[in-house]
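J.: Take a look at this one; I'll ask things after.
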Amino acid sequence: MTDENYDFVTRMMEAFQRFGKAEWRKQSMWGIKASEVRVLLCIIDNARKNKTGATVSEISKRLLVTSPTVTQMANSLIAQGYIEREADQNDRRIFYLKLTEKGDEIAQKLKERYQSFFAGLIEHLGHEQSENLIQILDQVFQYTDQAQKEYKDDL
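Residue 1 is where the sequence shown starts when you use UniProt numbering, and the numbers rise one by one after that.
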């Protein structure tokens, strides 16, 4: 690897590390962990699409985590009174996670905060750079996902 490539690789690694160490990633909102916030946002998004709620499987696919991970977060949100489980009337093996009144109130606030943040980012970057960023992030995800699978095979 040339010195120029090494410097470029180092700069890219440092840019990724800054995201990993960013304080905002570790902050909770209204006492809710960031991972739990994402679960609430999935449920509110499903409710917006005229669904009765979201299944653990739907949430796990959307968040790219395992079902047991979603179940653990859901149990915490249930204990805090933000969501509840409701069995499917046609198939008792299936249950939906639904927002409680308290959960709906906080999920609306969280959704507004996230939308405001990303609207501000789009305004800051401009439409064209925002579109480019989305495309680049999609490419980064695809590359890292594929590379991870290849590295796993090497172990």
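Glycine included, every Cβ here is placed at the ideal spot set by N, Cα and C.
#1: Assuming residue 83 is part of the beta strand (DSSP E), what are its boundary residues?
#2: Three-state secondary structure (DSSP) at residue 22?
#3: Could you pull the start and end residues of the alpha helix (DSSP H) that residue 125 belongs to?
#4: Per the contact definition of three or more C-beta pairs closer than 8 Å, is the stretch 54 to 68 in contact with the stretch 32 to 43?
#5: How is the alpha helix (DSSP H) around residue 65 delimited, first residue to last?
#6: Bridge partners for residue 29 per DSSP, in chain order?
#7: Among 42, 134 and 71, which residue has its Cα nearest to the Cα of residue 110?
#8: For residue 106 versus residue 97, is the C-beta distance shorter than 8 Å?
#9: Does DSSP put residue 98 in a helix, in a strand, or in coil?
#10: Here's a check: name, in chain order, each residue in its chain whose Cβ is nearer than 6 Å to the Cβ of residue 94, leaving out the five neighbours to either side.
#11: With a CB to CB cut of under 8 Å and the five nearest residues on each side skipped, what residues in its chain are close to residue 58?
#12: Report buried or exposed for residue 73, applying the criterion of at least 16 other Cβ atoms within 10 angstroms of its Cβ.
T.: This is what the structure holds:
#1: Residue 83: member of the beta strand (DSSP E) spanning 83 to 87, first to last residue.
#2: In the three-state reduction of the DSSP assignment, residue 22 falls in the coil class, being assigned neither a helical nor a strand state.
#3: Looking at the DSSP string, the run of the alpha helix (DSSP H) that includes residue 125 is 101 to 125.
#4: The stretch 32 to 43, when compared against the stretch 54 to 68, does touch it at the 8 Å Cβ threshold.
#5: Note, residue 65: premise wrong, no alpha helix (DSSP H); not H, not E.
#6: Listed as beta-bridge partners of residue 29 by DSSP are 32.
#7: Nearest of 42, 134 and 71 to residue 110, Cα basis: 42.
#8: The answer is no: Cβ separation not under 8 Å.
#9: Residue 98: strand per DSSP, three-state reduction.
#10: Answer for residue 94: 88, listed in chain order.
#11: Closer than 8 Å at Cβ, skipping near neighbours: 42 and 46.
#12: With 16 or more other Cβ atoms within 10 Å, it is buried.
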